[in-house]
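Take a look at the structure below.
In this note's numbering, the protein residues as written are 106 to 282.
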């Protein structure tokens, strides 16, 4: 269900929240009415938390139904507050939500991740992983969003970018702004 929502005058709720098919991670300070609207629209359970003492959960977490990949700066008590299997990625590219685009079928990641990181991501999310860019941009999770139903990506994505996303994530790809 499509809903428009601003929190504190900011329409970019994806920077602050992270979700998969069953769980929505929301900063603790979000208004209860906004949390309720998001949960109802997405049909998910909610966990109120911070990650690395920050409210920008969408930038610091990537998740699918198999696992939750998090910045290495996540605190142990934050891991405990999140239901599911949370895996802090031991890598210098620590804004995981900006650098990993995933669903339950695959993941496309920043080309700067080495083979050890690729293996870790694949194990944590339980999916095949490929390196890629979208419109020449390496932070693929910052310029696209993926679910099992589809992928919305940067308006300057090239046809070959869209085809690579479709193949990796096994979902239809559309351009958006």
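Beta carbons are placed, not taken as given, at the ideal position from N, Cα and C, and that holds for glycine. If you're wondering where the values come from, they're calculated on a predicted model, not measured in any experiment.
Using a 10 angstroms sphere on the CB of residue 193, the tally of other CB atoms reaches 16 or more, which defines it as buried. Burial state of residue 279 is exposed, judged by a 10 Å Cβ sphere holding fewer than 16 other Cβ atoms. Inclusion of residue 130 and residue 162 in the CB contact set at 9 Å is warranted, their separation being smaller than that value. Taking the Cα positions, residue 108 is about 7 Å away from residue 146. Sequence-distant partners of residue 203 (beyond 5 residues in either direction) whose C-beta falls short of 7 Å from its own C-beta, in its chain, are 164, 244, 246 and 247. Runs of the alpha helix (DSSP H) lying entirely within the stretch 169 to 216 and spanning at least 4 residues, in chain order: 181 to 186 and 201 to 204. Contact between residue 178 and residue 199 holds, since their C-beta atoms are separated by about 6 Å, short of 8 Å. Under the criterion of beta carbons closer than 8 Å, residue 115 and residue 170 do not qualify as touching, at roughly 28 Å. By the Cβ-count criterion, residue 266 is buried, with 16 or more other Cβ atoms from all chains shown falling within 10 Å of its own Cβ. The beta carbon of residue 252 sits closer than 8 Å to those of 126, 208 and 276, all from its chain and outside the five residues before and after it, given in chain order. Under the three-state reduction of DSSP output, residue 260 falls in the coil class, being neither helix nor strand. Beta-bridge analysis with DSSP links residue 276 to no other residue.
Boundaries of the alpha helix (DSSP H) harbouring residue 141: 137 to 147, taken from the DSSP string. Between residue 230 and residue 249, the CB-CB gap reaches or exceeds 9 Å.
In the three-state scheme derived from DSSP, where H, G and I count as helix and E and B as strand, residue 130 is classed as strand. Residue 270 sits buried, since 16 or more C-beta atoms from the chains shown fall within 10 Å of its C-beta. Residue 148 counts as exposed, since fewer than 16 other beta carbons sit within 10 angstroms of its beta carbon.
Taking residue 242 as the centre and dropping the five residues before and after it, the same chain places the C-beta of 248 closer than 6 Å to its C-beta, in chain order.
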